Each structure stands twice: as structure tokens, then as C-alpha cells.
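Just below is one structure, and these are the notes that go with it.
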Amino acid sequence: MFSVLLSLLAVPPLGFTMWQLRKHPKGLYILFFAEMWERFSYYGMRALLIFYLTWHFLFESSFSLTLYGAYVALVYLGPLLGGWLADKYIGFRKAVTFGAILLVAGHGLMGLHGPAATETLNVDGTVYELERPEYSEARDRFIVIDGEEIAIDSFVQPEEGSTTRTVTFTQGGEETVLVGTLEQERNPLFATILFAALALIVAGVGFLKPNISTCVGALYDQGDRRRDSGFTLYYMGINLGSFLAGIFCALAAATLGWWAGFGLAALGMLAGLLVFVWGQGWLEGRADPPEGVDLKTPVFAGLNREWLVYAAGLGFALAAFFLLQIASIMTLAMHGVFAVVTLGIIVYMLTKLEADTRNAMIGLLILTVSSVLFWALFDQGPTSLNLFAAAHVDNQVGGEPFPAPVLQSANPLYIMYFAPLIAVLWTWLGNRGIEPNSFIKFGLAMVQIGAGFFVLNLGIQTAVPDADGALRISVLFIMLMYLLHTTGEIFLSPVGLSAVTKLSAKQIVGFMMGYWFLASSYANVIAAGIAQATQVPEGAPAEESLAAYNAVYLQLGGAAVGLGVVLIVLSPWLRNLTKHAERSHGPGDKERRAEVDPSGVSMDRTQS
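Each residue of the sequence shown is one higher than the one before, counting from 43 in the working numbering.
Next up, the structure:
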């Protein structure tokens, strides 16, 4: 029932979008549906991934969260390579097609999940088989004794990382307690397939995501008044695909199995590829390779430039394959890389730039570093908040249960409704000369995401036990939290790339754009670390689990609101610091500004 109600809420914005598309170039239809299906596949897989790692492969939550953080960090780095190769060599159309092929392969491999990992309990040499359902948010376990499956009453891990388990069950009316060593076995072939699938998706997103957005801009001539509304409709497609994915992929996985959830994501990506290949003629050659680039003449080892680009893409996928298997080391490396690059920028500012330019760069650096905290908190959605929803949110609406990943559809649904309203608000305030500056918007975004966690803290105080003894809160609390997170995103997201182009020193605009994406990548590493802090040893009492979430989310809310208030208080000084750059690239200077979706969500952050 809850899933049906959510789905119906997408009808009004979808109808409006279809009506508006008829006024635009036919190529926008192709890009709209291709990107809608690509986002459907990506978000469908993302909604399931943390559960797949912990429930199917039985990885510990700490490893699963680290792997997830490394994976998404690589997803954000990929567009730097894919965008550059498309710009310089193969053009946007070929890059999108190649990226889509990699994504179909990656999502297809995710559907080949193989048998679930197996568990046994070794008690002084006596081995007991343990069974559990393939997909069960209740996390029921059974112990097999003399061929009989007996429900386990408690399954306790003394501390995170320990292999010791204390198992309690009732047999023949008598309670039995066993203490032994948990032994797990995973099929190495399918574990390898998992890493290969994630690596192909990383590379595929790197080639497709930056270049399909650029194709939209290429459809319109300079000065075409339909350009802004074209981007608005394109972003509606992104959010529509993201919204539908969280519902249908989650339902497929919960009712039919992991293969169905991931398989549906793969079919979505295949549909996107077919739509793009079928309709690319409507792009009218605007996304073809740059003029003067010879793609056919062999230049190295018998390969021409086009095939060398594809080889580079596969090389990036291979690198991602190995990096994902050492996710913890990659995480440490990301800390070092971000720190060194940030320090290098500071040294460059102090030694190479004049006062006005240096001041503008200081403002940009503050915004970029602040964005790391925002996105680290925002990206709790598919990680700790997903796990929280499964463990502590009442998933019964109208007497019908719904899978926890369905709640991942809340963010894109809210964007479809609230982004246009907030865009109208900014226009109304701007016409009266009272629109908040970038620093105030950043500060308000921080306050909103912090307030979202405070709402969840309030909900935790109302938790009541369900029939199984799990402490659960009303779904209304997490829906309200996601609303505040989404409005915060709408406040902050358009500011980012626009600030990079306006406040960067002219000599290093491209480098600072890369630094912005590095910050987004690094935020996912931080997000994984935060999510790990919410986890307790397996089998811990519900009160202990809820207390851990409450403590972490209270700290996150306080940190975000505190930083937001600081940015708002300092905004007059920061605005004065950057006024030279603001005058140089005023609000009408669209040539220097980043492509920003007029509905409020910029091209850099569609949660890819």
C-alpha cells in the first residue's frame, strides 16, 4: 500500500513533464528517457547494495560500509576521466554509448549473484549448520539439529569483529545455549563477480554521466530561451528514474530475490541504451567527436584513438576492480590525497595570487570543505539510514509491509515537487534584491540537514517494541527527515559549480572543478566512517542499537547546525571577501557560470 501511494505521487510531475517535452527538440526525448533509465538502474542497485553485502555475502557491516564508501568515491572520480576523453577525442555521443554498454554489463553481472554465503557454528568440534531467509529484514536465523530447523531466539556477538557467537534456542520446551565460533564460506567466483560488476558500473558512470548532461546543452543554440526549461525537464527525468527505482527494484528483490532486483536494474539500463542508440540521430550531430580529431588512423599497437579511449575506460574499470578489494587502504589513501591537495591549494593561494583573487579563493575553499560535511551527512541515506530503516522503522502502512529500500524514493520524490517551488522563491526574492547569497544558502542547507537528524532523534524517543521485540518508530519521522535533507540539498547543490566558476583563479578553474569533484568523492569516504559508528555487535539488544544511532545522529545534527550558523553569521564578511569576483562574474554572466538546473539541482550532484 505504501509503495502504491508513493508511486501515485509521481503522476502529476510526470504528466507535466510529458506535456512540456513536446515544445523541445526531439533529441531531448531521447536524453530524457535514456538518463531516466540509467538513473533507474543506478539507484535501484544502490538502494539494495548495503543489504546485499550484509545479508547475501554476510560481510560484517564495517567492511560493507567501507566497500560502499570506496565504490561511490570512485563513481565520483570517474567523470573526470570520462568527461576529459569525450571532450578531447571521442565526443559525447560515443562516450555515452560506451558508458551505457559498460553499465549494462555491470548491472547484468550484479544479477548473477550465485548462492548465498553459508554459516556454521563450531562448538568444540561439533559443527551446526545455520540457515536464514535470502531476504528478511527481521534477520531470522535457524539452527539445524538432526535435520530439523529450529528458530534461534538470540544470536549474540560479544564485540564487532569477533567470530564468537552465543546462540540461544528452544527445543522440546527446553532452552539451549551454545557458545562457538562462527564460520562463513563464500563462493570465491561470485565474490569476484561482485567486484567486477561494481568496477564496470564505476567506469560506465564515468563515461555516461558527465557527457549525457553535456548533450542536453548541445541541443540548444546560444540564446535559445528553451534551454533552461530543457534542463529542468531533463532533471525531472533523472529524479523520476531514481524515484521509481527505489520502489520497484526493492519490491522485486524482497518478493522474488536479489536476482530480480538487480536484474530489473539491468533491464532498465538496457532500455536506456536501446533508446539512446535508436534515437541518437535526433541529436543532429551536435554530440559528435570534435572537428579535426582523427579517430581511425592506428596510433599505438595497431589501435586507433577511439579504441585506445575504450581501452583506457576498461583500464579504469580494472583499476577500480583491484581498488575495491582493498577498500580500507583506498579509504586511508583518500584521506591523504584530499589533505595534500587542500594544503597545496592553500600554499598556491598564499604564494601565487593577488589579494582580490586570493580572497575569492578563500571563500571557495570554505564552501568546498563545508560541502564535504554536508554530503557525508546526506549520504547516510543509502548506508546507515537504510540499515536504520530496516531495523527500527515501522514498515507497516495500512497493514501492508514494505521493504526498507523503498524509503530511498523519498528524496527524488521531494525534489520533483519542491525544487521548482524553491526556484520560484529565489526568483521572487531576487527580483526584490533580497535573495540570500551563496554563503547563506550553504549555511541554511547545513541547518536543514542537521535539523533532519534532530527529527530522527525525536522519533527515537517515541520508539515502541513490535511483535518481535524490535524497537521501531513511525515512518513519518524518517519521511520528514528526508524532506529536510532534500530541501537542504536544493539550497546547496546549485551553488557549488557556480561558485567554482565564479570564485576560482582563472589560471586554475579546471583544477578547482576537479577539486570540487574530489571533495564529493571524499565525502563518501567520510560517510562510510560515520555509518560504521552507528553499528553495534551482531545480536546486541534493540535498546543498544537504537542508542548508538541516536548518539551518532545527535552529534551529526549538532555539527551541521553549528557549521550552518557559523556560515550564516560570517556571510557578510565572506561576501565582502569575494565581492571582487562576484562583480566580475555577476548573476547575468551565464557564460562563466556552471550549467545549473533552474529547478534547483545542479549538474554536479544528481546523486550519481
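Just so it is clear, CB atoms sit at the ideal spot from N, CA and C, and this is done for glycine as well.
Note that the structure is a prediction, hence the values are computed from the model and not measured.
What residue range is occupied by the uninterrupted alpha helix (DSSP H) comprising E585?
-> Start at 1 with the first residue of the sequence shown, and residue 585 comes out as number 543. Counting along the chain, the alpha helix (DSSP H) containing E585 begins and ends at A584 to L619.
Helix, strand or coil at V439 according to DSSP, with G and I counted as helix | Stepping through the sequence shown from its first residue, residue 439 is reached at position 397. DSSP places V439 in the strand class (E or B) of the three-state scheme.
Length at least 3, wholly inside the stretch 415–483: the beta strand (DSSP E) runs in chain order = none
Consult DSSP for D129 and reduce its assignment to one of helix, strand or coil.
-> Your numbering for residue 129 matches position 87 in the sequence shown. Three-state result, D129: helix.
Sorted by chain position, which residues of the same chain lie with C-beta nearer than 7 Å to F318's C-beta, five sequence neighbours on each side aside?
-> Along the sequence shown, read from residue 1 onward, the residue named residue 318 stands at position 276. The answer, listed in chain order, is I72, A76, V138, T139 and A142.
Please name the residue, chosen from F290, L619, Y131 and S426, that lies closest to D330 on a Cα-to-Cα basis.
-> Stepping through the sequence shown from its first residue, residue 330 is reached at position 288. Per the Cα distances, Y131.
With DSSP as the reference, label L163 as helix, strand or coil.
-> Here the question's residue 163 lines up with position 121 in the sequence shown. If DSSP states are grouped into helix, strand and coil, L163 belongs with the strands.
Look up V335 in the DSSP assignment and say whether it is helix, strand or coil.
-> Locating residue 335 in the sequence shown gives position 293, where the first residue counts as 1. Of the three classes helix, strand and coil, the one that applies to V335 here is coil, per DSSP.
Measuring CA to CA, which of A461, P454 and L429 is closest to P447?
-> Working through the sequence shown from its first residue, we reach residue 447 at position 405. Of A461, P454 and L429, the residue nearest in Cα terms is L429.
Residues sharing a beta bridge with V198, DSSP = In the sequence shown, the residue the question calls residue 198 occupies position 156. Answer is T208, bridged to V198.
Could you check which residue in P445, I568, V578 and H622 has the C-alpha nearest to that of I289?
-> Taking the first residue of the sequence shown as position 1, residue 289 is located at position 247. Nearest of P445, I568, V578 and H622 to I289, Cα basis: P445.
Using beta-carbon positions only, say whether E191 and E216 come within less than 9 Å of one another.
-> Numbered from its first residue, the sequence shown carries residue 191 at position 149. Numbered from its first residue, the sequence shown carries residue 216 at position 174. In this structure, E216 does not lie closer than 9 Å to E191 by Cβ.
Looking only at its own chain, which residues have a Cβ that is under 7 Å from the Cβ of L419, when we skip the five neighbours before and after it?
-> Counting from one through the sequence shown, the residue named residue 419 turns up at place 377. Same-chain partners within the cutoff: I491, L598 and A602.
Rank L151, T218 and I280 by C-alpha distance to the C-alpha of W301 and give the top, closest one.
-> The count along the sequence shown starts at 1 and reaches residue 301 at position 259. For the residues L151, T218 and I280, the minimum Cα distance to W301 belongs to L151.
Please work out which residues of its chain come closer than 6 Å, Cβ to Cβ, to F285, disregarding the five sequence neighbours upstream and downstream, and give them in chain order.
-> Here the question's residue 285 lines up with position 243 in the sequence shown. Closer than 6 Å at the Cβ level, and outside the excluded window around F285, lie A52, S451, P454 and L455.
Quick one: is P54 buried, meaning 16 or more other Cβ sit within 10 Å of its Cβ, or exposed?
-> One-based indexing of the sequence shown puts residue 54 at position 12. So P54 ends up on the exposed side.
G303 by DSSP, collapsed to three states: which one?
-> Sequence index remark: in the sequence shown, residue 303 carries index 261 (1-based). Helix, per DSSP.
Would you give the residue range spanned by the alpha helix (DSSP H) that V567 belongs to?
-> As a first step, residue 567 must be located in the sequence shown, where it is residue number 525. V551 to A575 is the span of the alpha helix (DSSP H), which, as asked, contains V567.
C-alpha gap between I404 and L486, whole angstroms = Residue numbering aside, residue 404 sits at position 362 when the sequence shown is read from its first letter. Residue numbering aside, residue 486 sits at position 444 when the sequence shown is read from its first letter. Looking at the two C-alpha atoms, the distance is approximately 20 Å.
Which ranges does the alpha helix (DSSP H) cover as unbroken runs of at least 4 residues, wholly within the stretch 346–375, from first to last along the chain?
-> 347–367
For Y390, name the three-state secondary structure that DSSP assigns.
-> For the purposes of this step, residue 390 is identified with residue 348 of the sequence shown, where counting begins at 1. Helix, per DSSP.
Below 9 Å between beta carbons: does that hold for F519 and V594?
-> For the purposes of this step, residue 519 is taken as the residue at position 477 of the sequence shown. For the purposes of this step, residue 594 is taken as the residue at position 552 of the sequence shown. No; because the gap between Cβ atoms is not below 9 Å, this pair is not in contact.
Taking the CB atoms as reference points, tell me whether M87 and H155 lie closer together than 9 Å.
-> Counting from one through the sequence shown, the residue named residue 87 turns up at place 45. Counting from one through the sequence shown, the residue named residue 155 turns up at place 113. If you check the CB distance, M87 and H155 do not come in under 9 Å.
Does DSSP put G628 in a helix, a strand or coil?
-> The residue given as residue 628 occupies position 586 in the sequence shown. Only weak support exists for where G628 lies, its pLDDT of 47 falling under 50; the value from the coordinates is given anyway. G628 carries a coil assignment under DSSP once its states are collapsed to helix, strand and coil.
Do V687 and L122 have their CB atoms nearer than 9 Å?
-> Because the chain here runs from 43 to 650, residue 687 falls outside it and cannot be looked at.
Alpha carbon to alpha carbon, how far is V517 from E442? Give it in angstroms, no decimals.
-> What you label residue 442 is simply residue 400 of the sequence shown in a count that begins at 1. What you label residue 517 is simply residue 475 of the sequence shown in a count that begins at 1. Each residue's Cα considered, the two are about 13 Å apart.
Assign R183 to buried or exposed, taking buried as 16 or more other Cβ atoms, counted over all protein chains shown, within 10 Å of its Cβ.
-> Within the sequence shown, the letter at position 141 stands for residue 183. When all chains shown are included, R183 counts as buried.
Whole angstroms is fine: what's the gap from L522's alpha carbon to C291's?
-> Position 480 of the sequence shown holds residue 522. Position 249 of the sequence shown holds residue 291. When rounded, the distance between both Cα atoms is 23 Å.
Out of G69, A233 and I515, which has the shortest C-alpha to C-alpha gap to G321?
-> Within the sequence shown, numbered from 1, the residue matching residue 321 stands at position 279. When each option's Cα is compared against that of G321, the closest is G69.
Same chain, Cβ closer than 8 Å to L526, neighbours up to 5 away in sequence not counted = In the sequence shown, residue 526 corresponds to position 484, counting from 1. The residues are Q490, I491, A493, G494 and V497.
Backbone secondary structure at L224 - three-state DSSP | Within the sequence shown, numbered from 1, the residue matching residue 224 stands at position 182. Strand, per DSSP.
Bounding residues of the alpha helix (DSSP H) (the contiguous stretch that carries L172) | As a first step, residue 172 must be located in the sequence shown, where it is residue number 130. Unbroken run through L172 is the beta strand (DSSP E), T168 to E173; no alpha helix (DSSP H).
Return the Cβ separation of M372 and A570 in integer angstroms, given the expectation that the two are a contact with Cβ distance under 8 Å.
-> The count along the sequence shown starts at 1 and reaches residue 372 at position 330. The count along the sequence shown starts at 1 and reaches residue 570 at position 528. That belief does not hold up - the Cβ atoms of M372 and A570 are roughly 11 Å apart, past 8 Å.
Ends of the beta strand (DSSP E) at V186?
-> Translated into the one-based positions of the sequence shown, residue 186 becomes position 144. F184 to I187 is the span of the beta strand (DSSP E), which, as asked, contains V186.
With burial defined as no fewer than 16 other Cβ atoms inside 10 Å of the residue's Cβ, what is the status of Q549: buried or exposed?
-> Translated into the one-based positions of the sequence shown, residue 549 becomes position 507. Q549 should be labelled exposed.
Inter-residue CB distance, Q213 and I194 (contact presumed, cutoff 8 Å) = To locate residue 213, count along the sequence shown from 1; it is residue 171. To locate residue 194, count along the sequence shown from 1; it is residue 152. Your pair Q213 and I194 does not check out as a contact, with CB atoms roughly 11 Å apart and the cut at 8 Å.
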